[in-house]
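Asks: Protein chains in written order, with this note's numbering: chain Y, 1 to 110; chain P, 1001 to 1110.
Where a beta carbon is used, it is the ideal one built from N, C-alpha and C, also for glycine.
Bear in mind the structure is a predicted one, so any value in this text is a computation, not a measurement.
Below is the structure I would like to discuss, written out as structure tokens.
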């Protein structure tokens, strides 16, 4: 039996100004686990994520600010996690520009 | 609308020799996200986890060794993650005794 897939969240962080890096780490019909690396990226002005799935997300390295429609903006440092119900509109307002911000996101259904 | 639940993975790590700490961070019918804190804990000798759900797990702090039936033992340092299919028998062979080992585990269905 082959060894299970093992990988590290904190390698291959290189990203460019033009695009974020997204890797699907595991998935099934009901869940999708992604590592996202942002380096100064943010959501376009006026854009809101409006997702069919719930999203549990944690910042593991770096720093970010998440904005929610009709609510306060929250600042996330490593270890800070937030659960975003489906269709709760949100956007990434800011990520630190100098160093990669590593997110782990779990998208899931009811 | 209330702010979304925000919490930090790296606070309240105190555990005792007698038991691991487990917190469910988010869950639905199809997924359960847990933070587990081990401080020198391991699975009982001869015990194997044999789970109905798949488990994606990452070590975020500390160090651990996971054993799989009929396969090599793997050593996990922070950031190392592994996807364990349902019913793949495994056990926690060792976690570092001096400091808490923080796991993030996502249990999920097909």
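1. Does the beta-carbon of residue 115 (chain Y) have 16 or more other beta-carbons within 10 angstroms, so that it is buried, or is it exposed?
2. Assess contact between the stretch 94 to 102 of chain Y and the stretch 1020 to 1028 of chain P, defined as three or more Cβ pairs (one per stretch) separated by less than 8 Å. Is contact present?
3. Find out if the Cβ-Cβ distance for the pair residue 1049 (chain P), residue 1109 (chain P) is shorter than 8 Å.
4. Ignore the nearest five residues each way along the sequence and tell me which others in residue 1074 (chain P)'s own chain have a CB closer than 6 Å to its CB.
5. Shortest alpha-carbon distance to residue 1019 (chain P) belongs to which of P:1042, P:1010, P:1031 and P:1091?
6. Taking CB distances under 8 Å as the criterion, tell me whether residue 1089 (chain P) reaches chain Y.
7. Name the DSSP bridge partner or partners of residue 1061 (chain P)?
8. By Cβ distance, which residues of its chain are closer than 7 Å to residue 1093 (chain P), with the 5 residues on each side in sequence left out?
9. Rounded to a whole number of angstroms, what is the C-alpha to C-alpha distance between residue 1007 (chain P) and residue 82 (chain Y)?
10. Could you work out which residues of chain P lie near residue 25 (chain Y), taking near to mean beta carbons separated by less than 8 Å?
11. Starting from the beta carbon of residue 29 (chain Y), find every residue of chain P whose beta carbon is closer than 9 Å, and list them in chain order.
12. Compare the C-alpha of residue 71 (chain Y) against each of Y:11, Y:37, Y:38 and Y:91 and name the closest.
13. Quick check on residue 87 (chain Y): buried or exposed, where buried means 16 or more other Cβ atoms within 10 Å of its Cβ?
14. Give the secondary structure of residue 1071 (chain P) by DSSP, where H, G and I count as helix, E and B as strand, and everything else as coil.
15. Any beta carbon from chain P within less than 8 Å of residue 49 (chain Y)'s own beta carbon?
16. Hey, quick one: how far does the beta strand (DSSP E) through residue 21 (chain Y) stretch, first residue to last?
17. My assumption, with CB atoms under 8 Å, is that residue 102 (chain Y) sits in contact with residue 61 (chain Y). Please give the rounded CB distance.
18. CA-CA distance, residue 55 (chain Y) and residue 44 (chain Y)?
19. In chain order, what residues of the same chain have a beta carbon less than 8 Å from the beta carbon of residue 1052 (chain P), not counting five sequence neighbours either side?
20. What did DSSP end up calling residue 93 (chain Y) once you bin it into helix, strand or coil?
21. Using a Cβ-Cβ distance under 8 Å, would residue 99 (chain Y) count as near chain P?
Replies: Result, derived from the coordinates:
1. Nothing can be reported for residue 115 (chain Y), as the shown portion of chain Y is limited to 1 through 110.
2. no
3. no
4. 1066
5. P:1042
6. no
7. P:1102
8. 1042, 1065, 1066, 1067 and 1073
9. 7 Å
10. 1056, 1081 and 1083
11. 1030, 1109 and 1110
12. Y:91
13. exposed
14. coil
15. no
16. 21 to 27
17. 4 Å
18. 20 Å
19. 1086 and 1087
20. strand
21. no
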